[in-house]
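Quick note, this note's numbering runs 4 ahead of the 1-based positions in the sequence shown. In this text, a Cβ means the ideal position worked out from N, Cα and C, and glycines have one as well. Here the structure is a predicted model, which means the values were calculated and not measured. The block underneath contains the structure these notes are about, expressed in structure tokens.
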Amino acid sequence: MDTAQLERVYRAEAPRITAALAARIGDVGLAADAVQDAFVEALEHWQDAPPPNPGGWLATTARRKAIDRLRRARAGQEKLALLAATATGTCRQTETADDDLLGMIFACCHPALPRESQIALTLRAVCGLTTAEIAAAFLAAEPAMTQRLLRARKALRAAGADMRIPDPDQLAGRLAEVLAVVYLVFNEGYLASAGRQPARRDLAAQAVALTRLLHRLMPREPEVLGLLALLLLHESRAATRFDGWGRLVRLADQDRTRWNRALIAEATGLLDRALTQRASGPYQVQAAIAALHAEAPDYEHTDWRQIRILYDRLQELTPSPVVLLNRAVATRYVVGPEAALAEITPLAAELDGYRLFHALRAGLLTGLGRDDEAREASERALALAGNPAERELLARRLSF
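In structure tokens form, the structure reads like this:
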């Protein structure tokens with residue numbers, strides 16, 4: 005098995021193996037380290053041929069690695085007993101179900117850490133995203149994210165934090181961070197930040213499944229309803245986002261007759277239920293924006309004025325330069341490209357490393373006839389893009 009194949013196995017198996025192991029020993033960091041040790045051993049021993057059941061081999065090896073680490077640690081005796089009390093065979097498929105994974109997301113979103121560190125550590129230790137992917141989600145440099153993750157692990161250990169799944173009455177206090185984790189997992193699946201595949205359907209499907217599970221656990225929680233509606237609205241367009249060559253198709257050019265109307269109807273029903281509770285939150289607002297796109301007969305006749313108002317509301321709830329950038333897209337169609345360009349110009353310092361800032365700026369400059377500046381902005385966006393489909397689209401624009 006070559007390194008690329010092993011990487012695919014790692015992405016598929018690591019989150020669930022980590023979740024099952026961490027659920028036993030109550031230490032997400034130790035579980036993640038043990039799983040990584042298991043994959044290092046796999047890299048050394050699978051060169052000739054992988055075992056018949058790679059997931060089972062990795063789960064068993066990770067468990068053995070955890071035992072080895074605990075035996076070397078003075079404070080490991082209690083956790084070692086927890087492992088010793090379990091079966092010595094291969095981890096069962098039921099132990100890697102979505103409820104285990106969701107439980108460990110709640111456990112890892114620990115209030116001993118700042119919010120962003122909770123989310124970042126959970127994405128890395130439980131969900132299996134790479135440090136580079138997490139850095140892209142936070143618009144941060146990879147070395148800075150590496151240091152943040154290290155500090156988060158040290159802080160948890162220093163605090164002696166109990167990493168077990170919280171009691172039911174404590175779930176609501178961690179819900180906002182859990183929703184953020186699931187949302188970012190979906191985003192990475194919907195459009196990968198880097199790699200050979202433009203989208204990772206496994207991650208997107210897992211995020212939807214986790215949100216459905218959350219909805220079953222908290223059927224009246226407005227933001228759970230909002231997030232599920234948002235993800236389903238995005239999923240309704242999944243079949244039209246890439247053409248037969250794997251090239252990215254812009255929203256304006258997608259075949260709306262192929263959108264999944266059943267998912268759209270389900271999502272709008274969920275959103276209506278959320279809005280009746282009059283507890284507005286960012287996922288409900290984003291779902292409302294996505295619903296306006298889904299209901300528009302075509303891109304030109306989208307209700308851009310209402311979308312712009314909704315982005316104003318989203319900026320009130322979660323202030324962010326990315327929200328303002330998205331608002332400027334609506335401004336382009338409500339007021340004009342010159343007004344939109346004026347809106348995003350002050351964002352340059354914060355978003356200079358963000359490819360979509362330069363891509364939007366290129367489009368606005370083209371609309372104003374400033375072609376040389378537009379080309380420069382497109383080249384900057386291309387240099388920053390890691391997704392192969394995005395790179396192809398930007399390169400295609402530059403060729404005209």
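Margin query: Give me, in chain order, the residues of the same chain whose beta-carbon lies closer than 6 Å to that of R157; leave out the 5 immediate sequence neighbours on both sides.
Written below: G33
Check: Just to confirm, are I348 and L329 a CB contact at a threshold of 7 Å?
Finding: yes
Notebook entry, point to check: Grouping DSSP H, G and I as helix and E and B as strand, with all else coil, what is L231?
Noted result: helix
Check: Quick one: is N391 buried, meaning 16 or more other Cβ sit within 10 Å of its Cβ, or exposed?
Finding: buried
Margin query: Does A111 pass the burial test, meaning 16 or more other C-beta atoms within 10 Å, or should it be called exposed?
Written below: buried
Check: With distances taken between CB atoms, is the gap from A389 to L398 smaller than 7 Å?
Finding: yes
Check: Considering only the beta carbon of each residue, do V253 and L235 sit closer than 7 Å?
Finding: no
Notebook entry, point to check: Whose CA, out of D166, G164, L274 and P172, lies closest to the CA of R216?
Noted result: L274
Checklist line | As assigned by DSSP and simplified to three states, the class of F142 | finding: coil
Margin query: Residues in the same chain with beta-carbon distance under 7 Å from L296, minus the five sequence neighbours each way, listed in chain order, please.
Written below: T306, D307, Q310 and I311
Next item on the list: Keeping to the same chain, check which residues put their C-beta closer than 7 Å to that of A292; ignore five residues upstream and five downstream.
Entry: L275 and L314
Check: Nearest CA to the CA of A46: which residue from R224, I268, A18 and A24?
Finding: A18
Check: Can the beta-carbon of A278 be found closer than 7 Å to that of P226?
Finding: yes
Next item on the list: Would you list the residues sitting across from L252 in a DSSP beta bridge?
Entry: F246
Note to self: Within 8 Å, do at least three Cβ pairs link the segment 374–384 to the segment 166–185?
What the structure shows: no
Margin query: Report the start-end ranges of each alpha helix (DSSP H) in the segment 272–314 that is 4 residues or longer and not cut off at the edges.
Written below: 286–299
Item checked: Residue nearest to L195 in terms of C-alpha spacing, selected from D316, R245, T150 and E146 -> R245
Item checked: V212 - containing alpha helix (DSSP H), residue span -> R205 to L221
Check: Just checking, does the segment 116–135 make contact with the segment 185–193 on the three C-beta pairs under 8 Å criterion?
Finding: yes
Next item on the list: Can you give me the Cβ contacts of I123 inside the same chain, cut-off strictly under 8 Å, excluding the 5 residues immediately before and after it?
Entry: C113, E181, A184, V185 and L188
Next item on the list: Kindly indicate which residue of N264, Y14, R119 and A294 has the alpha-carbon position closest to the one of A242.
Entry: N264
Notebook entry, point to check: With a CB to CB cut of under 8 Å and the five nearest residues on each side skipped, what residues in its chain are close to A79?
Noted result: Note that A79 scores a pLDDT of 48, beneath 50, so its modelled location is shaky; the value from the coordinates is reported in the next line. Excluding sequence neighbours, A79 sits near nothing in its chain.
Check: Are the beta-carbon atoms of A271 and A233 separated by less than 7 Å?
Finding: yes
Next item on the list: Taking only the alpha-carbon atoms, compute the straight-line gap between E304 and S240 and give it to the nearest angstrom.
Entry: 20 Å
Note to self: Whole angstroms are fine: how far does the CA of P115 sit from the CA of Q174?
What the structure shows: 11 Å
Checklist line | Spatial distance of T335 from A346 (CA atoms) | finding: 10 Å
Notebook entry, point to check: Which whole-angstrom value is the C-beta distance of G193 and A208, which I expect to be below 8 Å?
Noted result: 3 Å
Next item on the list: Check the C-beta distance from T22 over to A42 and give it rounded, since I have them as a contact under 8 Å.
Entry: So it is not a contact: roughly 10 Å between Cβ atoms.
Next item on the list: List the whole-angstrom C-beta distance separating L364 from V333, where the pair is believed to meet the contact cut-off of C-beta under 8 Å.
Entry: 7 Å
Notebook entry, point to check: Which stretch, first to last residue, makes up the alpha helix (DSSP H) that contains S382?
Noted result: D375 to L388
Next item on the list: Could you tell me how far apart the beta carbons of R410 and A393 are, in whole angstroms, since I believe they sit closer than 8 Å?
Entry: Not covered by the structure: residue 410. The range shown for the chain is 5 to 404.
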